[in-house]
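Have a look at the structure below before the remarks.
Residue numbers (the numbering used here): 15 to 318.
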């Protein structure tokens, strides 16, 4: 068996893990599975593409490869702006749709079905604006670098792994070392009690939506850079996202990343052993097994 699946799985798992952070935070605080979250990945990728193309066209610079990487300095700028825009989109979606359900005390299943509808609307809008034709941030070819032990990775892939580590560390510090993070954890434990002690629950909810959207956009930029950009890219990642969030434990950011890495490695291993056509089934198998054997996940705990 070729050990290259370890690198391939770690790269795929890092993207899945970033997206799963938004899923796990949204579920832990709002208590519903948001099936529109995958679309934030696609919207973030297309937003970065539009910003990078627009700015580079207007300025006439920024597209030449930066050092050993396949992209120019315009893409990191566009990625930051795309994260802000996608975070804003997530907050706007909540304000326009889910906030009204919360005010009326709607059942969870209503919010889940509404998220399905929002997912289809967002995906259809992307396809209408950008068409279904795949797009790319860059068409530069890269040569994989030897890492030892028969493993190889391109500079872009190594950068994505490093960036994922930085983002996860930043989110962890936000949740554990800041007043906002403590408020988020308090709302996740007991929203009613958090409101009584003076926590602005609505502001916390907006923060969670923005953070989840921004991280999903980051995952979308990574996926678009390493693979390609398509309107269905977020939908295709939706099941692995939920599998990673549940495997790691709902509400646990480190758990989401661990779950993402496990799912990514299992998918890469499945491609080598049973064929790429079975890759999509891996997330479903992992999700089912976790729900049966350890529903609280690796780092999660059962709620009373």
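Every residue, glycine too, gets a C-beta built ideally from N, C-alpha and C.
Within this structure, are the beta carbons of residue 25 and residue 174 separated by less than 8 Å?
For the purposes of this step, residue 25 is taken as the residue at position 11 of the chain shown. For the purposes of this step, residue 174 is taken as the residue at position 160 of the chain shown. The answer is yes: Cβ separation under 8 Å.
**Asked** Exposed or buried, residue 171, counting other C-beta atoms within 10 Å across all chains shown (16 or more means buried)?
**Response** Position 157 of the chain shown, counted from the first residue, corresponds to residue 171. Looking at its Cβ environment, which holds 16 or more other Cβ atoms inside 10 Å, residue 171 is buried.
Let me confirm a value: residue 245 is counted as buried when at least 16 other C-beta atoms fall within 10 Å, else exposed. Which label applies?
The residue you call residue 245 lines up with position 231 of the chain shown. It is buried - the Cβ of residue 245 has at least 16 other Cβ atoms within 10 Å.
- prompt: So residue 31 packs on residue 274, CB below 8 Å; how close in whole Å?
  reply: Taking the chain shown and counting its residues from 1, one reaches residue 31 at position 17. Taking the chain shown and counting its residues from 1, one reaches residue 274 at position 260. Going by Cβ atoms, the distance from residue 31 to residue 274 rounds to 3 Å, so yes, they are a contact pair.
Complete runs of the beta strand (DSSP E) confined to the stretch 205-235 [at least 3 residues]: none
message = Quick check: does the Cβ of residue 52 come within less than 7 Å of any heavy atom belonging to the ligand ADP?
response = Among the components modelled here there is no ligand, and therefore nothing to report on the ligand ADP.
Tell me whether residue 100 is buried or exposed, calling it buried when 16 or more other Cβ atoms sit within 10 Å of its Cβ.
If you number the chain shown from 1, residue 100 lands on position 86. Classification for residue 100: buried.
Is it right to say residue 41 is buried, meaning 16 or more other beta carbons lie within 10 angstroms of its own, or is it exposed?
-> Position 27 of the chain shown, counted from the start, is the residue given in the question as residue 41. So residue 41 ends up on the buried side.
message = Check this for me: beta carbons of residue 259 and residue 38, under 8 Å apart or not?
response = The residue you call residue 259 lines up with position 245 of the chain shown. The residue you call residue 38 lines up with position 24 of the chain shown. Yes. Within cutoff.
What are the partner residues of residue 162, as DSSP defines its beta bridges?
As a first step, residue 162 is located in the chain shown; it is residue number 148 there, counting from the start. In DSSP, residue 162 forms a bridge with 165.
| query | Between the C-alpha atoms of residue 307 and residue 267, what's the straight-line distance to the nearest angstrom? | reply | For the purposes of this step, residue 307 is taken as residue 293 along the chain shown, with counting starting at 1. For the purposes of this step, residue 267 is taken as residue 253 along the chain shown, with counting starting at 1. Taking the straight line from one Cα to the other gives about 21 Å.
query: Leaving out the 5 sequence neighbours to the left and right, which residues in its chain are closer than 8 Å to residue 182 when beta-carbon positions are compared?
result: If you number the chain shown from 1, residue 182 lands on position 168. Counting only Cβ-Cβ distances below 8 Å, and skipping sequence neighbours, we find 31, 32, 35, 267, 268, 271.
Would residue 254 be called buried (16 or more neighbouring beta carbons within 10 Å of its own) or exposed? To locate residue 254, count along the chain shown from 1; it is residue 240. Under this definition residue 254 is a buried residue.
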